Amino acid sequence: MNGMWDQGIILNSHTYNAVTNRLCKEGKSERAWELFSLMLKRNVFPGIATYSTLIDAFAKLSNFEKALMLYNGMLKCGVVPDKVMYTILINICRHRDNIYEAYDWFKEMIQENLIPDEISYTSIIAVFCKFQNMKKAEELFNEMLLQGYLPNVRTYTCLVDGYCKKNRMDKANMWFDRMIRAKVTPDVVIYNVLIAAYRRFGNLDRAHELFREMNEKGISPNKVTFSILGLDGSVAKKVQEAEEAMQ
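Just so you know, we're using the UniProt record's numbering here: the sequence shown kicks off at 1 and counts up by one.
As structure tokens, this is what we get:
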């Protein structure tokens, strides 16, 4: 970047954002931070896209202090948060176990005439499910439907996981079945949630039944699945081969 500048090539905020985005995707957040600092030195002022990219990257690294420092700096520069930014802030609050602040961000987003989408709704539903406030989670789910947004597998996973943690397997299965009826394809994560819950309750038959079901649907188990079932890689492979031979 310095070399391009020295050659007289003027770099604008869009160019910097593209490079910042690439660096963050490659896991080079600190390098992206250096580039961000260079932008400011060159009097190139970042827009909301650059801030969102960096704040999200540091949040995913659990460096919430730097993420929030960037957010406060963004406000001082007069950059107005958008829907994506509010969703990032909600996710930060979830990781920091701050349910009330997360909901405050969600309400502020609406007050700023930013209509939540399925990603925003799923993020706030995840917050309430994490703290097992399933009544509020379901209320937000219904609100999401009324707004015309379709829940995805992650939305359903949050609800299933929330009820599993409340030891309400009847409700967890109800939400799983509802997802299937809605023709939303399950993934390995939601199966892992259910398998782990049945394993915790000592219902190994149901846990293995779900394991077979996911294989039949062509959903490949991962290391987490095998760990939940108490199988190492070699044993797991033999189990899969045996079950495939029986089909």
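Glycine included, C-beta positions come from ideal geometry on N, C-alpha and C. Remember, predicted model here, so these are calculated numbers, not experimental data.
Return the CA-CA distance between Leu194 and Met69, expressed in angstroms with no decimal places.
-> 38 Å
Can you tell me whether DSSP reads Gly148 as helix, strand or coil?
-> coil
Please look up how many angstroms separate the CB atoms of Ser120 and Tyr156, rounded, as I've assumed it's under 8 Å.
-> Contact doesn't hold; Cβ gap of about 16 Å is too wide.
Whole beta strand (DSSP E) runs in the UniProt repeat "PPR" (152-186) with 3 or more residues, listed along the chain?
-> none
Three-state class that DSSP yields for Asn142 in the structure shown | helix
Indicate the three-state DSSP secondary structure (helix, strand or coil) for Leu194 in the structure shown.
-> helix
Would you give the residue range spanned by the alpha helix (DSSP H) that Lys28 belongs to?
-> From DSSP, Lys28 is part of no alpha helix (DSSP H); its letter is neither H nor E.
Just the C-alpha distance for Ile99 and Glu34, rounded to the nearest angstrom, thanks.
-> 32 Å
Could you tell me if Leu146 is buried or exposed, where buried requires 16 or more neighbouring beta carbons within 10 angstroms of its beta carbon?
-> Per the 10 Å Cβ criterion, exposed.
So the alpha helix (DSSP H) Arg96 belongs to, where does it begin and stop?
-> Unbroken run through Arg96: none, as it is neither H nor E.
Proximity of residue 256 and Arg200 at Cβ, strictly below 8 Å | Residue 256 is absent from the structure shown; the chain starts at 1 and stops at 247.
Could you name the residues of the same chain whose beta carbon sits closer than 6 Å to that of Cys158, not counting the 5 residues immediately before and after it, in chain order?
-> Ile125, Ala126 and Cys129
Buried or exposed: which applies to Arg94, given that a residue is buried once 16 or more other Cβ atoms fall within 10 Å of its Cβ?
-> buried
Which of the three DSSP states, helix, strand or coil, is assigned to Asn63?
-> coil
Whole-Å CB distance - Val160 paired with Ile190, under 8 Å assumed | 6 Å
Contact check, Ile219 vs Val188, beta carbons under 8 Å | yes
Extent of the continuous alpha helix (DSSP H) run through Lys130 | Glu118 to Lys130
Can you tell me the Cα-Cα spacing of Glu243 and Ile115, whole angstroms?
-> Low local confidence applies: a pLDDT of 42 at Glu243 is under 50, so the model's placement there is unreliable, with the coordinate-based value given in what follows. For the pair Glu243 and Ile115, the Cα-to-Cα distance works out to about 48 Å.
Coarse secondary structure for Pro221, derived from DSSP in three states = In the structure shown, Pro221 sits in coil (DSSP, three-state: anything other than H, G, I, E or B).
Check each candidate in Gln111, Glu216, Val84 and Arg96 and name the one with the smallest Cα separation from Thr122.
-> Val84
What whole-angstrom Cβ distance do Ala32 and Ala57 have, given they're in contact under 8 Å?
-> 7 Å
Given that a residue counts as buried once 16 or more other Cβ atoms are within 10 Å of its Cβ, and exposed if not, what is Cys77?
-> exposed
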